[in-house]
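The listed protein sequences derive, respectively, from chains A and B.
Taking my numbering, the leading residue of the first sequence gets 3, the next gets one more, and so forth.
Taking my numbering, the leading residue of the second sequence gets 156, the next gets one more, and so forth.
We put the CB at the ideal spot given by N, CA and C, even for glycine.
Computed from a predicted model, the values in this text were never measured in an experiment.
Here the structure comes first, spelled out in structure tokens, and everything after it is commentary.
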Amino acid sequence: MFPNAFEYEAPTSLDDAIRLIREHGYDAKVLAGGQSLLPMMKLRIAAPAVLIDINGIDELKGWREVDGTLRIGAMTRHAELEHARELADSFPLLSRTARWIADPLIRNRGTIGGSLAHADPGADWGAAMLAAGARIEARGPEGSRLIPVDEFFVDTFATSLNEDELVVAVHIDKPTGPVAARYMKLERKAGDFAIAALGVQVELDSNGRVAKAGIGMCACGPIPLRATKAEAALIGQPLTDETIKTVSRLVPEDADPTDDLRGSAEYKRDLLRVFASRALHEIAEELKGKVGGQ
Amino acid sequence: MKIRVKVNGRWYESDVEPRTLLAYWLREDLKLTGTHIGCDTTSCGACTVLLDGKAVKSCTVLAVQANGREVMTVEGLERNGQLHPLQSAFWECHALQCGYCTPGMLMASYALLQENPNPTEEEIREGLSGNICRCTGYMNIVKAVQTAARKMSGESQEALEEVAANGASAD
Ligand SMILES: Cc1cc2nc3c(=O)[nH]c(=O)nc-3n(C[C@H](O)[C@H](O)[C@H](O)COP(=O)(O)OP(=O)(O)OC[C@H]3O[C@@H](n4cnc5c(N)ncnc54)[C@H](O)[C@@H]3O)c2cc1C
Ligand code: FES
Ligand code: FES
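Spelled out as structure tokens, the structure:
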């Protein structure tokens with residue numbers, strides 16, 4: 003199988019890429035890791051006349067921390083985040099999520115920016131970025147803007163990016179208190195998209211109570227969803243068995259799963275409850291003794 | 156479009172259509188047919204090659220994206236007529252039946268051992284989880300990778316034969 007013929011552009015600067023996107027408009031598609039786009043082009047679901055390959059743009063690669071915020075370049079591959087030991091302490095959700103995406107070969111190519119822009123409701127980064135409270139940096143001819151992740155996903159395969167905008171980075175604030183996170187996912191077979199998946203991040207205050215909580219879900223609605231009620235119920239509480247039980251039951255209330263090949267809606271809701279409970283128990287265990295003392 | 160790619164240590168120049176996929180370029184233009192195409196939908200890993208040292212599915216990379224870069228295919232494993240330790244381990248452990256998945260398994264295993272020379276069984280299974288084998292049930296593939304890891308770290312022949320016969324202990 004091979005795609006329709008297209009014109010290939012490989013800009014080496016962001017400015018050139020944006021100029022090309024503007025010039026070609028609807029006829030063009032951006033090529034990041036290609037792990038969603040190329041399969042779609044081979045099946046002729048997508049047939050762009052111009053392909054703008056952004057793999058050669060150094061400005062989009064790697065990450066750095068500035069003033070308490072981590073800025074991850076859009077072209078950072080899933081595998082790089084999976085293996086980034088230096089990010090594990092402050093940004094535990096990154097590696098914990100990345101290792102669940104597809105398989106190691108796809109993770110060597112696929113990028114965080116490409117995954118978010120593609121906006122597959124089953125994409126693991128969507129759930130994780132909700133839990134981490136990320137902002138998406140978009141850049142177009144008019145300059146840059148930061149889009150809170152809650153406003154980024156609009157519908158299945160649709161985002162609030164303008165037609166001439168690129169995802170250039172993802173911003174995540176560095177937690178100030180003790181933090182722990184879990185990513186939980188059930189798949190039908192190794193490397194598959196989720197039946198349902200859940201990312202949880204919890205930050206404690208100096209009294210061991212929850213200061214910040216993020217819970218994101220994917221494959222349970224038209225877009226990745228936030229478990230708002232459960233998050234609210236966590237704030238200000240210690241992570242006791244009682245709290246965890248109450249909160250876990252609230253998680254499915256914000257989910258909107260459908261019956262499909264992967265399972266029934268009811269099954270997925272229950273999965274989310276079980277995942278939330280397991281994740282929070284593990285987080286409570288990990289954070290024990292980390293309050294005050296560090 | 157003109158491209159120049161280093162494949163198994165040798166530079167090749169070629170004029171390709173941008174839509175040509177790396178797997179097809181390797182097979183049809185360079186006649187390096189060791190790289191197999193199984194599913195052609197990014198699922199099976201039969202087409203696995205190394206691109207700048209990273210294992211990728213070559214049915215899902217454009218040949219033009221390899222321009223100026225280095226590719227290693229299964230043909231690049233053998234040195235001076237000598238099988239690579241992974242290849243001989245696959246042979247000794249009977250890690251293949253029809254052999255269709257084998258080039259991809261070998262390249263994914265090669266990349267795994269480059270990054271982690273002494274993987275656990277679980278790490279091997281995770282490392283090869285993008286490669287599907289319809290014949291073997293994976294047991295002997297895992298055994299072969301364990302055997303190769305030991306060969307490559309220079310263990311005695313006796314210990315190796317032991318592993319080939321009985322599988323590695325869970326140390
Ligand atoms: C077999 C298989 C299994 C998979 N399993 C999973 C899984 O379990 N979980 C999961 O989350 N994902 C999974 N994926 C998807 C994978 O993670 C992709 O890498 C990801 O969805 C897309 O990222 P990419 O960098 O490859 O983007 P591409 O395929 O290059 O692009 C995807 C889309 O986003 C656009 N785009 C890319 N980058 C940008 C940018 N910077 N700005 C604006 N638009 C952009 C492109 O134009 C295109 O429309 C799987 C894929 C396959 C083939
Ligand atoms: S042929 Fe490339 S993954 Fe199956
Ligand atoms: S040996 Fe036949 S597919 Fe693996």
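**Report entry** One or two residues paired with V202 (chain A) in a DSSP bridge
**Finding:** For the purposes of this step, residue 202 (chain A) is taken as residue 200 along the first sequence, with counting starting at 1. Answer is A:R184 and A:I217.
**Study point:** Cross-strand partners of F155 (chain A) (DSSP beta bridge)
**Key:** Translated into the one-based positions of the first sequence, residue 155 (chain A) becomes position 153. DSSP output for F155 (chain A) lists A:T161 as bridge partner(s).
- When A:M3, A:G223, A:A267 and A:L33 are compared against S117 (chain A), the one with the closest alpha-carbon: Counting from one through the first sequence, the residue named residue 117 (chain A) turns up at place 115. Selected option, being the one with the closest Cα: A:L33.
If the cut is a Cβ gap below 9 angstroms, which residues of chain B does R111 (chain A) touch? Within the first sequence, numbered from 1, the residue matching residue 111 (chain A) stands at position 109. Within 9 angstroms Cβ-Cβ: L206, K209, V211, K212, T215 and V216.
Exercise for review: Compute the Euclidean distance between the alpha carbons of M77 (chain A) and N164 (chain A), then round it to the nearest angstrom.
Suggested key: Locating residue 77 (chain A) in the first sequence gives position 75, where the first residue counts as 1. Locating residue 164 (chain A) in the first sequence gives position 162, where the first residue counts as 1. Each residue's alpha carbon lies about 19 angstroms from the other.
Close Cβ partners of E61 (chain A) (< 6 angstroms) along its chain, the five nearest in sequence each way excluded: Locating residue 61 (chain A) in the first sequence gives position 59, where the first residue counts as 1. Within the same chain, E61 (chain A) has close Cβ partners L16.
Spatial neighbours of V162 (chain B) in its chain, beta-carbon cut-off 6 angstroms, leaving aside the 5 residues before and after = Position 7 of the second sequence holds residue 162 (chain B). Answer for V162 (chain B): V226, listed in chain order.
With DSSP collapsed to three states, give me the class of D272 (chain A).
The residue you call residue 272 (chain A) lines up with position 270 of the first sequence. In this structure, D272 (chain A) counts as helix in the three-state DSSP scheme.
Three-state secondary structure assigned by DSSP to G75 (chain A): In the first sequence, residue 75 (chain A) corresponds to position 73, counting from 1. Here G75 (chain A) sits in strand by DSSP.
#### Entry: Residues sharing a beta bridge with R165 (chain B), DSSP
In the second sequence, the residue the question calls residue 165 (chain B) occupies position 10. According to DSSP, which records beta bridges pairwise, R165 (chain B) is partnered with B:V162.
- What are the start and end residues of the alpha helix (DSSP H) that includes E25 (chain A)? Taking the first residue of the first sequence as 1, we reach residue 25 (chain A) at position 23. Run containing E25 (chain A): L16 to H26, per the alpha helix (DSSP H) assignment.
_Tell me whether C256 (chain B), by its Cβ, gets closer than 6 angstroms to a heavy atom of ligand 3._
Walking along the second sequence from the start, residue 256 (chain B) turns up at place 101. The answer is yes for C256 (chain B).
| Of all the options A:Q203, A:G115 and A:M131, which has the alpha carbon lying nearest to the alpha carbon of A281 (chain A)? | Residue numbering aside, residue 281 (chain A) sits at position 279 when the first sequence is read from its first letter. Comparing Cα positions, the closest option is A:Q203.
Exercise for the section: Give the single residue among B:T302, B:T175 and B:R165 whose Cα lies nearest to the Cα of T228 (chain B). Expected result: If you number the second sequence from 1, residue 228 (chain B) lands on position 73. When only C-alpha atoms are compared, the closest one is B:R165.
- Using a beta-carbon distance cut-off of less than 9 angstroms, what residues from the region 188-222 of chain A approach chain B? A192 and G193
*Beta-carbon neighbours of G70 (chain A), restricted to chain B and to distances below 7 angstroms*: Here residue 70 (chain A) is taken as the residue at index 68 of the first sequence, counted from 1. Those within 7 angstroms of G70 (chain A) in chain B number zero; the least Cβ separation is about 32 angstroms.
Answer yes or no: the CB of A201 (chain B) versus the heavy atoms of ligand 2, is any distance below 6 angstroms?
-> Against the second sequence, residue 201 (chain B) aligns to sequence position 46. The answer is yes for A201 (chain B).
Within its chain, find whatever has a CB closer than 7 angstroms to the CB of L206 (chain A); leave out the 5 residues flanking it on each side and keep chain order.
If you number the first sequence from 1, residue 206 (chain A) lands on position 204. Hits under 7 angstroms: G179, P180, V212, A213, L289 and V293.
Worksheet entry | Opening and closing residue of the alpha helix (DSSP H) in which L118 (chain A) lies | Numbered from its first residue, the first sequence carries residue 118 (chain A) at position 116. That run of the alpha helix (DSSP H) goes I114 to H120.
Is G193 (chain B) near ligand 2, judged by its Cβ being under 6 angstroms from some heavy atom? The count along the second sequence starts at 1 and reaches residue 193 (chain B) at position 38. Flag set: Cβ of G193 (chain B) near ligand 2.
By a C-beta neighbour count over all protein chains shown, 10 Å radius and 16 as the cutoff for buried, is E233 (chain A) buried or exposed?
Here residue 233 (chain A) is taken as the residue at index 231 of the first sequence, counted from 1. Counting Cβ neighbours within 10 Å, E233 (chain A) comes out buried, since at least 16 surround it.
Got a sec: is the Cβ-Cβ distance from Y10 (chain A) to anything in chain B below 7 angstroms?
-> As a working mapping, residue 10 (chain A) is identified with position 8 in the first sequence. Yes, contact with chain B.
- Q296 (chain A) CB to nearest chain B CB: under 7 angstroms? Here residue 296 (chain A) refers to the residue found at position 294 of the first sequence. Its pLDDT being 44, under 50, Q296 (chain A) is placed unreliably in this model, and the coordinates cannot settle the point.
Item to check | Any chain A beta carbon closer than 7 angstroms to V219 (chain B) | outcome: Numbered from its first residue, the second sequence carries residue 219 (chain B) at position 64. It does: the Cβ of V219 (chain B) has a partner Cβ on chain A nearer than 7 angstroms.
TODO: Could you check what DSSP says for D326 (chain B) in three-state terms: helix, strand or coil?
DONE: Counting from one through the second sequence, the residue named residue 326 (chain B) turns up at place 171. With a pLDDT of 41 at D326 (chain B), under the threshold of 50, the modelled position of this residue cannot be trusted; read the value that follows with caution. It is coil, neither helix nor strand.
Taking the alpha helix (DSSP H) that D166 (chain A) falls in, what are its first and last residues?
As a first step, residue 166 (chain A) is located in the first sequence; it is residue number 164 there, counting from the start. That residue, D166 (chain A), is in no alpha helix (DSSP H); it is neither H nor E in DSSP.
- Task: If I'm right that I114 (chain A) touches V172 (chain A) with Cβ under 8 angstroms, what's the distance once you round it to whole angstroms?
- Result: Working through the first sequence from its first residue, we reach residue 114 (chain A) at position 112. Working through the first sequence from its first residue, we reach residue 172 (chain A) at position 170. Correct: roughly 6 angstroms between the Cβ atoms.
task: Give the secondary structure of I197 (chain A) by DSSP, where H, G and I count as helix, E and B as strand, and everything else as coil.
output: Translated into the one-based positions of the first sequence, residue 197 (chain A) becomes position 195. Correct three-state label for I197 (chain A): strand.
(Q) Is there a Cβ of chain A sitting closer than 7 angstroms to that of D195 (chain B), yes or no? (A) One-based indexing of the second sequence puts residue 195 (chain B) at position 40. Cβ-Cβ to chain A under 7 angstroms: yes for D195 (chain B).
- Which parts of the region 194-272 of chain B are runs of the alpha helix (DSSP H), unbroken and 4 residues or longer, counting only runs that do not cross its ends? 240-247 and 257-270
| If you pair each beta-carbon of the region 217-229 of chain A with each one of the region 122-130 of chain A, do three or more pairs fall below 8 angstroms? | yes
_Span separating the alpha-carbon of V156 (chain A) from that of G223 (chain B)_ = Numbered from 1 along the first sequence, position 154 holds the residue referred to as residue 156 (chain A). Numbered from 1 along the second sequence, position 68 holds the residue referred to as residue 223 (chain B). C-alpha separation (whole angstroms): 39 angstroms.
#### Entry: Sequence-distant residues of its chain with Cβ nearer than 7 angstroms to N110 (chain A) (five each side left out)
Here the question's residue 110 (chain A) lines up with position 108 in the first sequence. R79 and A81.
Going by alpha carbons, who is nearest to M131 (chain A) out of A:A48, A:H85, A:P13 and A:G218?
The residue labelled residue 131 (chain A) in the question sits at position 129 within the first sequence. Out of A:A48, A:H85, A:P13 and A:G218, A:G218 has the C-alpha closest to the C-alpha of M131 (chain A).
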